[in-house]
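Take the sequence shown: its letters are residues 21 to 352, numbered as in the working numbering. All C-beta atoms, glycine included, are put in the ideal place defined by N, C-alpha and C. Just so you know, these numbers come straight off a predicted model, no measurement behind them. Contents: one structure, followed by commentary.
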Amino acid sequence: MTNPVPMAEIWRGQLLESLHQGHAVVCDDSGQVVRSWGDPDAVIYPRSSAKMIQALPLITSGAAEKFGLTSEQLALACASHNGAEIHTSRVNSWLTQLGLTDSDFRCGPQLPNDIPARNGLIKTDTSPCQVHNNCSGKHAGFLTLAQHMGAGPEYVEMDHPVQQACLTAFEETTGQDSPCFGIDGCSAPNFATTVTGLARSMAWFASASDRSDRSSSAAQQLVAAMTTHPDLVAGETRACTNLMRAMDGKVAIKTGAEAVFIAIIPEKRLGVALKIVDGATRASECAIAAILVSLGVLDANHPETLKYMNTPIRSRRGIEAGIVRPATELLF
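In structure tokens:
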């Protein structure tokens with residue numbers, strides 16, 4: 021086993037105040053590792069970075085076509101959204117389309133990250149609903165697939181046909197048997213794989229246009245939905261949305277809890293996966309930005325890039341006190 025390597029540094033003055041370590045892999049369209057840092061065989065939970073894999077059966081089953089799902093709905097199926105009005109209104113409309121209500125979700129309520137939406141609930145003394153959960157789009161996709169299958173309402177159970185379909189898609193695209201699963205924050209199973217397996221899956225998505233099978237066609241639709249609607253995949257102020265916009269829709273990226281990040285780069289047929297071992301989001305955002313810059317798909321000096329990489333740390337009076345920057349190991 022290889023130890024994790026430095027990926028993001030926090031400098032204050034002349035002192036390296038904090039150091040975040042992790043693992044990362046870049047795979048090509050043949051599934052081979054072309055660059056790695058740390059331990060490429062480290063087993064991780066992808067968390068929400070794998071939502072596009074979980075959305076594959078929604079299309080390959082014929083459910084998306086049957087229900088006439090739009091690219092916006094496919095983007096929401098891959099989303100970890102802020103719970104803003106642009107997210108919740110669309111998910112509620114999706115529920116109505118299915119003839120279902122918020123009580124049919126199994127993701128649990130969550131206070132929205134979107135400040136206007138959160139303030140609106142507070143001002144009206146209203147409790148958040150399950151539609152505010154950042155995973156409600158994914159769960160709307162699960163409900164759609166369950167209806168199409170004629171399966172029962174407990175769609176987050178591991179033995180449910182929906183989750184079995186997700187597991188099959190996960191193992192097929194990663195090229196590995198998943199050794200175990202954990203329960204995600206939204207109560208759905210989350211399947212473990214190696215950092216290489218996750219990067220291989222993303223490379224499979226990136227090269228989907230080279231193939232003509234049903235799964236690859238579904239992958240193309242999902243990547244196109246994410247890059248066309250970056251505001252639905254995350255939301256304002258979020259790294260996924262900001263960096264996809266900075267790359268003009270040419271790259272799909274997705275974060276996951278506990279500092280996982282992936283990138284799908286169709287023009288280079290490359291997939292990227294990384295995990296920061298201490299779970300720090302500031303580090304995963306910095307590291308993915310640095311890798312994307314190194315791969316030539318993100319401008320290091322773009323204003324959005326500078327929000328995450330080589331980012332000044334300021335005092336509450338606005339005095340520059342330090343910097344968040346990628347470790348030299350990531351720059352090549």
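With distance defined between alpha-carbon atoms, name the residue in the options nearest to residue i.
i: Ala277; options: Pro286, Ser304, Glu287; result: Ser304
i: Arg67; options: Glu191, Ala228, Ala212, Arg231; result: Ala212
i: Asn139; options: Phe125, Leu163, Glu105; result: Glu105
i: Ala347; options: Gly291, Arg231, His40, Gly33; result: His40
i: Thr146; options: Arg289, Gln130, Arg265; result: Gln130
i: Ala99; options: Ser123, Ser81, Gln74, Glu85; result: Gln74
i: Cys149; options: Gly161, Thr331, Phe125, Thr80; result: Phe125
i: Thr22; options: Ser91, Cys47, Pro60; result: Pro60
i: His249; options: Arg258, Ser232, Gly269; result: Gly269
i: Glu287; options: Asp298, Val243, Met178, Ser335; result: Val243
i: Asn321; options: Glu340, Met267, Arg336, Phe281; result: Met267
i: Arg110; options: Ile333, Arg334, Tyr65, Asp251; result: Asp251
i: Arg302; options: Cys260, Arg265, Gly338, Asp319; result: Cys260
Applying the criterion that 16 or more other CB atoms from any shown protein chain within 10 Å of the CB defines a buried residue, is residue i buried or exposed?
i: Val176; result: buried
i: Lys143; result: exposed
i: Gln93; result: buried
i: Glu29; result: buried
i: Ser229; result: exposed
i: Ile285; result: buried
i: Phe352; result: exposed
i: Gly342; result: buried
i: Thr214; result: buried
i: Cys200; result: exposed
To the nearest angstrom, report how far apart residue i and residue j are at their CA atoms.
i: Asn102; j: Gly157; result: 11 angstroms
i: Thr116; j: His159; result: 14 angstroms
i: Gly195; j: Thr216; result: 10 angstroms
i: Leu96; j: Gln34; result: 43 angstroms
i: Gln183; j: Glu85; result: 20 angstroms
i: Leu141; j: His107; result: 15 angstroms
i: Ala245; j: Thr80; result: 16 angstroms
i: Ala272; j: Val253; result: 10 angstroms
i: Leu294; j: Val54; result: 14 angstroms
i: Arg32; j: Met178; result: 46 angstroms
i: Leu36; j: Arg336; result: 20 angstroms
i: Met72; j: Pro136; result: 28 angstroms
i: Gly338; j: Asp298; result: 28 angstroms
i: Arg334; j: Gln241; result: 41 angstroms
i: Asp233; j: Phe281; result: 27 angstroms
i: Pro132; j: Thr257; result: 14 angstroms
i: Pro332; j: Arg231; result: 44 angstroms
For residue i, which residues from the same chain have a beta carbon less than 8 angstroms from its beta carbon, with the 5 sequence-adjacent residues on both sides left out?
i: His180; result: Ala166, Ala171, Gly172, Glu174
i: Leu350; result: Met27, Ala44, Trp57, Ala307, Ala310, Ile311, Ser314
i: Gly202; result: Tyr65, Pro209, Asn210, Ala212
Can you check whether the CB of residue j is closer than 9 angstroms to the CB of residue i?
i: Met329; j: Val344; result: yes
i: Leu118; j: Phe87; result: yes
i: Ser56; j: Val45; result: yes
i: Ile296; j: Ala279; result: yes
i: Gly128; j: Asn112; result: no
i: Gly42; j: Val25; result: yes
i: Trp224; j: Thr247; result: no
i: Ser221; j: Gly291; result: yes
i: Ser397; j: Lys274; result: With the chain covering only 21 through 352, there is no way to say anything about residue 397.
i: Gly161; j: Leu78; result: yes
i: Glu340; j: Leu263; result: no
Cβ of residue i within 8 angstroms of any heavy atom in the ligand ADP?
i: Ala309; result: Absence of the ligand ADP from the depicted structure is noted, as is the absence of any ligand whatsoever, leaving it without description.
Which same chain residues, not among the five before or five after residue i, have their C-beta less than 7 angstroms away from its C-beta?
i: Asp134; result: Asn102, Gly103, Ala104, Gly255
i: Glu191; result: Asp197, Ser198
i: Ser207; result: Arg126, Cys127, Gly128, Val176
i: Leu187; result: Ser198, Phe211
i: Gly205; result: Ala277
i: Trp114; result: Gln93, Ala160
For residue i, I'd like the list of residues in its chain whose CB is within less than 6 angstroms of its CB, leaving aside the five on either flank, ordered along the chain.
i: Ala83; result: Thr164, Leu165, His168
i: Ala239; result: Phe225, Ala228
i: Asp49; result: Ala223, Ser227, Arg289
i: Ala353; result: The question about residue 353 has no answer, for the chain in this structure spans 21 to 352.
i: Ser38; result: Ile30
If we cut at 9 angstroms on Cβ distances, does residue i have a partner in chain C?
i: Ser68; result: Of the chains in the structure shown, none is chain C; there is only one protein chain.
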